[in-house]
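For reference, each letter of the sequence shown is one residue, going 297 to 455 in our numbering.
Where a beta carbon is used, it is the ideal one built from N, C-alpha and C, also for glycine.
One structure below.
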Amino acid sequence: MTVVMAMAFTVSAVITHRWTERESVRSAVHQVQSHLRLGRIQAIARNQTCRFVIDEGARRIQVFDVNDPGDPADDLTLADLTLSRFVVFERPDPGAPITLTPIGGGRYQATFTPRGSVSAGSGQVAVKGGDGFYYRVRLLAAGGVTLERWNGSSWMPDI
């Protein structure tokens, strides 16, 4: 009886861990997507240039209002979030997982104009979950954001 209960507990723990990891990765992708949209919306609403910054090593995403483009010290932080420890930036097909504009030290950015378009940094952020789940967020030059998942052979829209 004790052996059966121990086995049942082990199986449920493994299933729960996989579910938690998968949902953490899905949540991270949606957070990247929503923060990119936030950067665009804030640029339009404030009539100011805004930046989305992602730090690959720290799994951190930030959105800034760029007051004076020549002085990064006066940027106003609009959002600051650290993604789950389960997040790994990787993709199943050739290429870099993050293709926004590199700014050094594993950091990348996208810059939104006051009209909402991307003046620098259109590209993608791809994320892998532990069981081989791949998702990517694509930022288009016009400012639009799409979410896709890997189906084993190609990227498909994620609904």
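Exposed or buried, which one is residue 452 when buried takes at least 16 other CB atoms within 10 Å? As a first step, residue 452 must be located in the sequence shown, where it is residue number 156. So residue 452 counts as exposed.
Output the distance between the C-alpha atoms of residue 438 and residue 382, rounded to the nearest integer angstrom. Residue 438 sits at position 142 when you count from the first residue of the sequence shown. Residue 382 sits at position 86 when you count from the first residue of the sequence shown. Their Cα atoms are separated by approximately 31 angstroms.
For residue 357, which of helix, strand or coil comes out of DSSP? Counted from its first residue, the sequence shown places residue 357 at position 61. DSSP places residue 357 in strand when its eight states are reduced to three.
Confirm, please, whether the CB-CB distance from residue 345 to residue 358 is below 8 angstroms. Residue numbering aside, residue 358 sits at position 62 when the sequence shown is read from its first letter. Residue numbering aside, residue 345 sits at position 49 when the sequence shown is read from its first letter. No, the pair does not count as a contact, with Cβ atoms beyond the cut-off.
For residue 419, does the three-state DSSP call read helix, strand or coil? Here the question's residue 419 lines up with position 123 in the sequence shown. Strand, per DSSP.
Alpha carbon to alpha carbon, what distance is there between residue 436 and residue 310? Position 14 of the sequence shown, counted from the start, is the residue given in the question as residue 310. Position 140 of the sequence shown, counted from the start, is the residue given in the question as residue 436. Bear in mind that a pLDDT of 47 at residue 310, under 50, signals an unreliable position, so the number given afterwards is only what the model happens to contain. Answer to the nearest angstrom: the Cα atoms are 38 angstroms apart.
So the beta strand (DSSP E) residue 386 belongs to, where does it begin and stop? As a working note, residue 386 is residue 90 in the sequence shown. From DSSP, residue 386 is part of no beta strand (DSSP E); its letter is neither H nor E.
Can you tell which of 355, 407, 448 and 422 has its C-alpha closest to the C-alpha of residue 416? Taking the first residue of the sequence shown as 1, we reach residue 416 at position 120. Cα-wise, what sits closest to residue 416 is 407.
For residue 313, count the other beta carbons within 10 Å of its own beta carbon; 16 or more makes it buried, fewer makes it exposed. Which is it? Counting from 1 along the sequence shown, the entry for residue 313 is found at position 17. Unreliable placement is indicated for residue 313, whose pLDDT of 49 sits below 50; the coordinate value is still reported in the next sentence. By the neighbour-count rule (16 or more Cβ atoms within 10 Å), residue 313 is not buried but exposed.
Check each candidate in 388, 376, 360 and 352 and name the one with the smallest Cα separation from residue 446. Along the sequence shown, read from residue 1 onward, the residue named residue 446 stands at position 150. Per the Cα distances, 388.
Going by beta-carbon coordinates alone, are residue 433 and residue 338 separated by less than 8 angstroms? The sequence position of residue 433 within the sequence shown is 137, counting from 1. The sequence position of residue 338 within the sequence shown is 42, counting from 1. Taking 8 angstroms as the Cβ cut-off, residue 433 and residue 338 do not qualify as a contacting pair.
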